[in-house]
RNA sequence: GCCCUCGUGGUGAAAUUGGUAGACACAAAGGACUUAAAAUCCUUGCCCAUUAGGGAGUGCCAGUUCGAGUCUGGCCGAGGGCACCA
């Protein structure tokens, strides 16, 4: 029998698909569309197993939908602006454009080897002017809608390299190249006003029925709507009417307030700029990183302003004003009142500066006199005390009443605040989309005329200079308006998240020159019916894309999309064991060999290898497997099959060589069985035709259902089972040839989305049209069912009875089973629980 | 530190959503075929029992229930995100 020649057959079909443009999607209003999108890759060099998994999952869905008759859009492109290109450029002295294009070429070739049903005619690359010129136009539109503005914010500043660092370039507070302690520096930067849509972005999470709950919850927490109260504190200074406005979610604890803390960026802090102690304090603060994590774990420190405010409800009490490193200007009003007894941060701060700690909430079962706070704040629910008119109320009632009184006395009001911050889009980097803004001699920012787009990146750039490459370019930033007025270009580029916030629109009209998308295209294809990608994008990328849709729709009658992704699926990572040599250096899996179970040595000098835990594949730990090498060895179908078979797609999968090789063997088995069935000549009995038909019908039902639910690993198990059954039937000659062939054909159709090359090859001999088999729900019904017999909840036997048997019959039959009756003698049956067609449970009592 | 998720045999996992735990695979051990190897096929799989059968058992501890992998509370462990990696 002919052996299945992977290389030949996979190449053959890939060529046919390419030649016949099988995967090209054309707008067709008479056909129901399905837009299947996987997150496009960053062209980092070669594809990795994470890509293989992501795109295999997507391809299964796309092929399945196509077989079902949908008009499928399944495009691919490149998220090709970004930091690594600049790093690579510096290391290899290669222009980012060349490096990026070369990587794209390599990765495209590799993706094609996988046999993905991608429409390559729609390929886009965000670093090309054909893409980013539309993004520049969007920026100008947003600017004109006042959804873009400039403000000062902090960046990580490397004082030695004179450059802004990304968070990942800051390691233990130091620059990754310079090793110098990184400082926080204020820069004027561009922002998208995402905060404006906070409520909308939160509300519409409810519309996303087919998104994982965990992603929606993460976004909800990220937006972070909180209900609270603004309170004005009068500064205690002669002839001063100056007030400090604070925001709090716990107005109930107002009687426990013992200090006021201001953000270092609060307007009042400006008054201390010439104070030596304040300068020292500021310097100290500037050593803390810019990430939320860094701020959260940093020691709480403050600067005493020697100013006081009057407590609005306690005449005799004045509270000191501090400037503190844990208060953020971005959140609330940039000022808080500290209630140390009921907030851990406030307590740490109060203990450090010897401030008053007055508890005002106690657990309901604790005596007020004995309730003390020392090192742990009490943040739970309870009863108010030490709080005048709030005494004896619960926390929630006290919050209500406090807000009422504060409003009535006119020193504050109820207020809703969001944690979500505006999106900073400025980057002081070369390899990004230039921001289409110029500044006139007065420093006024003006949008560039549409006719002058795209603003092209200069090709001749020196990335070895310190600082912002575009700003350092000798001529690029100098330009003129059409009036002849001299202006200077914005030298910041856009965050690459902007590129990926609308690429799914571009895929609908990839070649349209006039605008970023064409209405007739997006009206047909949008929204994305299924979006698939890594869970690491659960918040930022997805939230920014949701924002971008709203920003485009804002004051725009011709665009009414709000939610870009109808359904979302987040897949897990691909993991592999890690290996180190005796010098604690990472080793690649192909540098080692197995001696015995769990015992590995280096191939080169047979030295002992230390096996570490299985972790997400990453270049830094060298626990990577090259997909192209694997495809060469086992073929794309085997790799696809393995990727889907071992773990549910949403969970992490362990790469296993045995697993791939088992997949490879199974592909061979399927091929052999296919030929055996098709070539079978001798006449056989048809005694079990109906059983095979029923089993195949059930398989069709299960595979369809499991595909819909992304339970691809179960689909594989279903197919294994039906394969085993076919083997049994063919070995025992119990099915007629015709039935065998008809039923097998359905199985080959079920294989189409998973192993497209093999499945197509199997069908060449029958020359049938491709289709998705339908199941007969009548044939799914069994006449009999198995009923579990329990005594006191323990299984003691099983009965096979007709469906819907009466309880009395089940009881009688059960008692006749020896292993059941022996547990029913010498006891009385208190009651029995009968679940129709499932189980009967006898509850007994000793006599 | 904050937010989120996950935890089932030696391994990856399945379980009609509260009703037979371990389907389907991988690995291992034993066997068949073979001069041998490869390939292929069969059997086994925690504890007690020759068998029939029984017991323990879904990270740990409690709880709800006739019945819990599934629901509730607490604990432990692993992973993801934290706004300039993408």
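In the working numbering, the protein residues as written are 714 to 1560. We put the CB at the ideal spot given by N, CA and C, even for glycine.
Pick from the options that is closest to residue i, judged by C-alpha positions
| i | options | result |
| --- | --- | --- |
| residue 802 | 813, 1270, 826 | 813 |
| residue 1156 | 765, 1128, 1199 | 1199 |
| residue 1208 | 1301, 1087, 1001, 1146 | 1146 |
| residue 1518 | 1552, 1486, 1507 | 1552 |
| residue 933 | 914, 862, 781, 924 | 914 |
| residue 1282 | 1026, 1244, 1302 | 1244 |
| residue 1115 | 1093, 943, 1303 | 943 |
| residue 1153 | 1177, 1202, 1105 | 1202 |
| residue 1082 | 1092, 1088, 1071 | 1071 |
| residue 1188 | 761, 1172, 911, 1546 | 1172 |
| residue 780 | 819, 795, 810, 830 | 830 |
| residue 767 | 1247, 1446, 1511, 742 | 1247 |
| residue 1391 | 795, 1427, 1461 | 1461 |
| residue 1496 | 1510, 1512, 1516 | 1516 |
| residue 1078 | 811, 978, 1196, 1095 | 1095 |
| residue 970 | 1353, 1541, 1099 | 1099 |
| residue 925 | 804, 1280, 1475, 1321 | 1280 |
| residue 1129 | 896, 927, 968, 964 | 964 |
Cα-Cα separation between residue i and residue j, rounded to whole angstroms
| i | j | result |
| --- | --- | --- |
| residue 1433 | residue 1453 | 17 Å |
| residue 952 | residue 1016 | 24 Å |
| residue 1456 | residue 1409 | 7 Å |
| residue 1137 | residue 867 | 10 Å |
| residue 1257 | residue 740 | 28 Å |
| residue 773 | residue 976 | 52 Å |
| residue 756 | residue 839 | 11 Å |
| residue 1458 | residue 1411 | 15 Å |
| residue 1084 | residue 1109 | 20 Å |
| residue 1166 | residue 938 | 39 Å |
| residue 1405 | residue 1469 | 24 Å |
| residue 1441 | residue 921 | 46 Å |
| residue 1439 | residue 1351 | 21 Å |
| residue 1329 | residue 1297 | 19 Å |
| residue 1124 | residue 1097 | 22 Å |
| residue 874 | residue 1463 | 58 Å |
| residue 827 | residue 1349 | 5 Å |
| residue 1073 | residue 1066 | 20 Å |
| residue 1374 | residue 1341 | 15 Å |
| residue 1143 | residue 794 | 9 Å |
| residue 1417 | residue 782 | 14 Å |
| residue 1161 | residue 719 | 55 Å |
| residue 856 | residue 1182 | 24 Å |
| residue 871 | residue 1177 | 15 Å |
Rounded distance between the beta-carbons of residue j and residue i, thought under 8 Å
| i | j | result |
| --- | --- | --- |
| residue 837 | residue 1223 | 5 Å |
| residue 1380 | residue 1467 | The Cβ separation is near 10 Å, so there is no contact. |
| residue 1292 | residue 1313 | 7 Å |
| residue 1040 | residue 946 | In fact, because the Cβ distance is near 14 Å, the residues do not count as touching under 8 Å. |
| residue 1062 | residue 1013 | 5 Å |
| residue 1338 | residue 1384 | Contact flag wrong, Cβ pair sits at about 25 Å. |
| residue 1492 | residue 1436 | The Cβ separation is near 20 Å, so there is no contact. |
| residue 848 | residue 1211 | 6 Å |
| residue 1335 | residue 1357 | Incorrect: roughly 26 Å between the Cβ atoms, too far for contact. |
| residue 1557 | residue 1537 | 7 Å |
| residue 904 | residue 862 | 6 Å |
| residue 1450 | residue 1393 | 5 Å |
Report the start-end ranges of each alpha helix (DSSP H) in the region 1028–1114 that is 4 residues or longer and not cut off at the edges. 1057–1065
Pick out the complete beta strand (DSSP E) segments inside the region 724–789, 3 residues or longer, and give them in chain order. 746–751, 784–786
Counting Cβ pairs closer than 8 Å, one from the region 1225–1245 and one from the region 1272–1284, do we hit at least three? yes
Which residue spans inside the region 1444–1509 form an unbroken alpha helix (DSSP H) run of at least 4? 1450–1464, 1469–1477, 1490–1493
Inter-stretch contact (C-beta, 8 Å, three-pair minimum) for the region 1348–1365 and the region 1413–1432: yes
Spell out a yes or no on whether the region 956–972 and the region 1048–1055 are touching, meaning 3 or more CB-CB pairs, one atom from each, closer than 8 Å. Yes, they touch.
List, from N- to C-terminal side, the beta strand (DSSP E) runs of 3 residues or more that fit wholly inside the region 778–862. Secondary structure remark: continuous beta strand (DSSP E) runs of at least 3 residues inside the region 778–862, in chain order: 784–786.
Three or more C-beta pairs below 8 Å linking the region 1502–1517 and the region 1527–1535: At 8 Å Cβ cutoff, the stretches touch.
Three CB pairs or more closer than 8 Å across the region 865–881 and the region 1252–1271: By the Cβ rule, the region 865–881 does not count as touching the region 1252–1271, because fewer than three pairs are nearer than 8 Å.
Taking the runs of the beta strand (DSSP E) that are 3 residues or longer, which of them lie wholly in the region 1230–1271? 1243–1247
Quick check: the region 1314–1322 against the region 1283–1290, are at least 3 beta-carbon pairs closer than 8 Å? No: the two stretches stay apart, fewer than three of their Cβ pairs being nearer than 8 Å.
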